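*Asks:*
Number of protein chains: 2
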Amino acid sequence: MRAAARAPASVGNIGVGFDLLGHSIAGPADRVLVERCAQPGVEIRAIRGPGAERLPREPERNTAGAALLALRAALDLPFGFALEIDKGIPLASGLGGSAASAVAAVVAANALLPEPLPREALYPFALAGEEVASGGRHGDNVGPMLLGGVVLAGRERLVPLKVPAGLCCVVVHPRLELSTREARAVLKAPYAIADFVAQSERLALFLIGLERGDVALIRAGLADLLVEPRRAPLVPGFERVKGAALDHGALGASLSGAGPSVFAWFEHAALAEAALAAMREAFAEAGLDSEGWISPVAGPAAELLSCAA
Amino acid sequence: MRAAARAPASVGNIGVGFDLLGHSIAGPADRVLVERCAQPGVEIRAIRGPGAERLPREPERNTAGAALLALRAALDLPFGFALEIDKGIPLASGLGGSAASAVAAVVAANALLPEPLPREALYPFALAGEEVASGGRHGDNVGPMLLGGVVLAGRERLVPLKVPAGLCCVVVHPRLELSTREARAVLKAPYAIADFVAQSERLALFLIGLERGDVALIRAGLADLLVEPRRAPLVPGFERVKGAALDHGALGASLSGAGPSVFAWFEHAALAEAALAAMREAFAEAGLDSEGWISPVAGPAAELLSCAA
Chain A
1 MRAAARAPAS VGNIGVGFDL LGHSIAGPAD RVLVERCAQP GVEIRAIRGP GAERLPREPE
61 RNTAGAALLA LRAALDLPFG FALEIDKGIP LASGLGGSAA SAVAAVVAAN ALLPEPLPRE
121 ALYPFALAGE EVASGGRHGD NVGPMLLGGV VLAGRERLVP LKVPAGLCCV VVHPRLELST
181 REARAVLKAP YAIADFVAQS ERLALFLIGL ERGDVALIRA GLADLLVEPR RAPLVPGFER
241 VKGAALDHGA LGASLSGAGP SVFAWFEHAA LAEAALAAMR EAFAEAGLDS EGWISPVAGP
301 AAELLSCAA
Chain B
1 MRAAARAPAS VGNIGVGFDL LGHSIAGPAD RVLVERCAQP GVEIRAIRGP GAERLPREPE
61 RNTAGAALLA LRAALDLPFG FALEIDKGIP LASGLGGSAA SAVAAVVAAN ALLPEPLPRE
121 ALYPFALAGE EVASGGRHGD NVGPMLLGGV VLAGRERLVP LKVPAGLCCV VVHPRLELST
181 REARAVLKAP YAIADFVAQS ERLALFLIGL ERGDVALIRA GLADLLVEPR RAPLVPGFER
241 VKGAALDHGA LGASLSGAGP SVFAWFEHAA LAEAALAAMR EAFAEAGLDS EGWISPVAGP
301 AAELLSCAA
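As you go down the protein sequences, you meet chains A and B in turn.
Numbering follows the working numbering, with no gaps: position 171 of the first sequence is 171.
Numbering follows the working numbering, with no gaps: position 71 of the second sequence is 71.
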């Protein structure tokens, strides 16, 4: 028995919800083929795509492998899995590539279970996969990939959030790699309570804005005062790219996940089109080639592509 | 011309929203009588009630006086105000007493303006009053007193939040004074990013729960991981009192504002009745007399009591 699934890229943090909020995008995606095997354990047979040779093949060090090891252990499965991974999401781009491989793997493997689990129940296994890549147990990429759209990813639960109709997202990925571990290191120095209060206000305005479909509140909230100031210096041209998005009417813009990709939200696609060109131009001025996508903020969920006996 | 107004007590922070969230309660209240005077400036003619002799009479050091000085300055008023303040809210109780005097003063003075302002527009003046008492410009008491109910009080705006029908609050005030300044001092040592993520998740669950009327999310969110652990040691018996509330079905319980008062939220009044007795008993076991109130979470707004030429 074998099954294939794809998981979309995602915008982690969404600026205002570090390690908690994310949304999937219609853009690049990872694809994983899983075969159910008589012998126990998890084997990675192939990893393909740009940079594939740099990803670990040992299942316990690979995000897809670790996710399926966690699934096997939790369900005490009498069979094993063999994987083939096609990376479509650029490595170390801040677009959730490590999470996507884990999510695609669990969604495919789930279809091979005697009794497949509901999507939400796959969350802890995908998290276990994400953990081996980033060193932290945070679901801001995994959550939206599993459920689609904007998701609040807590330690124990996923809460899908409402998204006003028509809201769209520009994501620009400069050709520059930034490891999540490196980008997390700059966050270690401590914070004052006043930093929390200021950021919490933004988070609250953003969440209430989403739930009410109030774009003015989303705009008031969509800013990162806590993490972005520490990470922005790692991305050449960041301030210009963000400025280009805001000049083109963005509700807000920040780093996607740990960066270097930059995202911006817009009220409609026409604004986004013009902004995408300006944001890429700004990266070019900083000497960086880039690629970009426009997606609904309510992006797709991971999907099962095929399942055959 | 003279006008009188009353402002209710409030539960600041609501545990999960330090310096940002609060709700008014139907319980003790401050009352302020304001007279419009030909001579410019602000004069405090009387302060009455328990502890009144310890409150500053100089307008710029008194919360009600400072609020009216700010109002006069901003509107460039050609007349002055004379005040009489009746304190109904216990001093240094964590129930927003200093904010209530400021709010009652601006609500009364507003009625004496040639063109009274909408309630929200009084926010910066009430904040200026609060600032002289607590040393910080935070509106988590002032906001709900002005508008009633649960309010998100940002630097620049107030956002009233939805409250599920029937939700009620127990507040128990032990006979113990805790100055806001002292209670803020223990918060100065810095915080790790992980503390912020954990607390932000609670805040997000709480806000979404309120907006959706989802009591399970409110329960999941209504906990303070950031401030309560540092302040609880200042209040003898706190853990027992909180435990008594949770044992009686509270959705959550924490310090009201800077404490020492403790609040707890319940789904209905019958639970609250039993919890109030148990919470007071727990304070008694710690050697503290107490008084308590039960109020809708959607408490009242400040109100104008009279206005006469």
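C-beta atoms are modelled at their ideal positions from N, C-alpha and C, and glycine is treated no differently.
Note that the structure is a prediction, hence the values are computed from the model and not measured.
Helix, strand or coil for residue 86 (chain B)? Go by DSSP, reduced to three states.
*Replies:* strand
*Asks:* Apart from the five residues just before and just after residue 285 (chain B), which ones in its own chain have a Cβ nearer than 8 Å to its Cβ?
*Replies:* 237 and 240
*Asks:* Report yes or no: is there a C-beta of chain B within less than 8 Å of the C-beta of residue 205 (chain A)?
*Replies:* yes
*Asks:* For a cutoff of 8 Å on Cβ pairs, would you count residue 154 (chain B) as touching chain A?
*Replies:* yes
*Asks:* State the Cα-Cα distance for the pair residue 45 (chain B) and residue 62 (chain B), rounded to the nearest angstrom.
*Replies:* 12 Å
*Asks:* Just to make sure I have the definition right: I need the residues of chain A whose C-beta is within less than 8 Å of the C-beta of residue 197 (chain B). Which are they?
*Replies:* 18, 19, 20 and 138
*Asks:* Could you name the residues of chain A that residue 11 (chain B) contacts, counting a contact when the two beta carbons are closer than 8 Å?
*Replies:* Residues of chain A passing the Cβ test: none, with the nearest at roughly 17 Å.
*Asks:* In angstroms with no decimal places, state the Cα-to-Cα distance between residue 116 (chain B) and residue 42 (chain B).
*Replies:* 18 Å
*Asks:* In the DSSP output, which residue or residues are listed as bridge partners for residue 191 (chain A)?
*Replies:* B:191
*Asks:* If you compare alpha carbons, which of A:19, A:10 and A:14 is closest to residue 198 (chain B)?
*Replies:* A:19
*Asks:* Can you tell me whether residue 87 (chain A) is buried or exposed, with buried defined as 16 or more other CB within 10 angstroms of its CB?
*Replies:* buried
*Asks:* Answer yes or no: do residue 263 (chain B) and residue 163 (chain B) have a C-beta to C-beta separation smaller than 8 Å?
*Replies:* In this structure, residue 263 (chain B) sits away from residue 163 (chain B), with a CB-CB distance that is not shorter than 8 Å.
*Asks:* Compare the Cα-Cα distances from residue 234 (chain A) to each of A:83, A:118 and A:177 and report the closest residue.
*Replies:* A:177
*Asks:* Excluding the 5 residues flanking residue 84 (chain B) on each side, which residues of the same chain have their C-beta closer than 6 Å to its C-beta?
*Replies:* 33, 45 and 46
*Asks:* Enumerate in chain order the residues of its own chain whose CB-to-CB distance from residue 272 (chain B) is below 6 Å, with the five nearest sequence positions on each side excluded.
*Replies:* 168, 170, 266 and 294
*Asks:* Could you run through the region 233-259 of chain A and flag, in chain order, every residue whose CB is less than 7 Å away from some CB of chain B?
*Replies:* none
*Asks:* Taking buried to mean at least 16 other C-beta atoms within 10 Å of its own C-beta, is residue 118 (chain B) buried or exposed?
*Replies:* exposed
*Asks:* Which of the three DSSP states, helix, strand or coil, is assigned to residue 107 (chain B)?
*Replies:* helix
*Asks:* Give every residue of the same chain whose Cβ lies closer than 7 Å to the Cβ of residue 250 (chain B), excluding the five residues on either side of it in the sequence, and list them in chain order.
*Replies:* Setting aside the 5 residues that flank it on each side, residue 250 (chain B) is surrounded in the same chain by 264, 265, 266 and 275, each with a C-beta closer than 7 Å to its C-beta; the list follows chain order.
*Asks:* Measuring CA to CA, which of B:212, B:105, B:52 and B:246 is closest to residue 305 (chain B)?
*Replies:* Ranking B:212, B:105, B:52 and B:246 by Cα distance to residue 305 (chain B) puts B:105 first.
*Asks:* How is residue 229 (chain A) classed by DSSP in three states: helix, strand or coil?
*Replies:* Of the three classes helix, strand and coil, the one that applies to residue 229 (chain A) here is helix, per DSSP.
*Asks:* Could you tell me the alpha carbon to alpha carbon distance between residue 17 (chain A) and residue 203 (chain A), rounded to whole angstroms?
*Replies:* 6 Å
*Asks:* Using a beta-carbon distance below 8 Å, is residue 159 (chain A) in contact with chain B?
*Replies:* Chain B, which has a Cβ nearer than 8 Å to the Cβ of residue 159 (chain A), makes this yes.
*Asks:* Applying a beta-carbon distance threshold of less than 8 Å, which residues of chain A neighbour residue 208 (chain B)?
*Replies:* 152, 159, 161, 207 and 211
*Asks:* Do you know offhand how far residue 281 (chain A)'s Cα is from residue 259 (chain A)'s?
*Replies:* C-alpha separation (whole angstroms): 18 Å.
*Asks:* Quick one: residues in its chain with C-beta nearer than 6 Å to the C-beta of residue 93 (chain B), no 5 flanking neighbours on either side, listed in chain order?
*Replies:* 173 and 261
*Asks:* Going by DSSP, what residues sit across from residue 266 (chain A) in a beta bridge?
*Replies:* In the DSSP assignment, residue 266 (chain A) forms a beta bridge with A:168.
*Asks:* Does the beta carbon of residue 14 (chain A) come closer than 8 Å to any beta carbon on chain C?
*Replies:* This model lacks chain C altogether, as its protein chains are A and B.
*Asks:* Taking 8 Å as the cut-off, decide whether the C-beta atoms of residue 91 (chain B) and residue 51 (chain B) are in contact.
*Replies:* yes
*Asks:* Compare the C-beta of residue 101 (chain A) against all C-beta atoms of chain B and say whether one is closer than 8 Å.
*Replies:* no
*Asks:* Looking at C-alpha atoms only, which residue of A:130, A:270, A:257 and A:89 is the closest neighbour of residue 27 (chain A)?
*Replies:* A:89
*Asks:* Please tell me whether residue 192 (chain B) has its Cβ less than 8 Å away from any Cβ of chain A.
*Replies:* yes
*Asks:* Run through DSSP, which three-state label would residue 151 (chain B) get?
*Replies:* strand
*Asks:* Pop quiz: residue 149 (chain B) and residue 23 (chain B) are said to be a contact at Cβ under 8 Å. What is the actual Cβ separation, rounded to whole angstroms?
*Replies:* For a cut-off of 8 Å, the C-beta gap from residue 149 (chain B) to residue 23 (chain B) is around 6 Å, short enough to register as a contact.
*Asks:* Would you list the one or two residues that DSSP bridges to residue 23 (chain A)?
*Replies:* According to DSSP, residue 23 (chain A) bridges with A:11 and A:150.
*Asks:* Using a beta-carbon distance below 8 Å, is residue 53 (chain B) in contact with chain A?
*Replies:* No, residue 53 (chain B) does not count as interfacial toward chain A.
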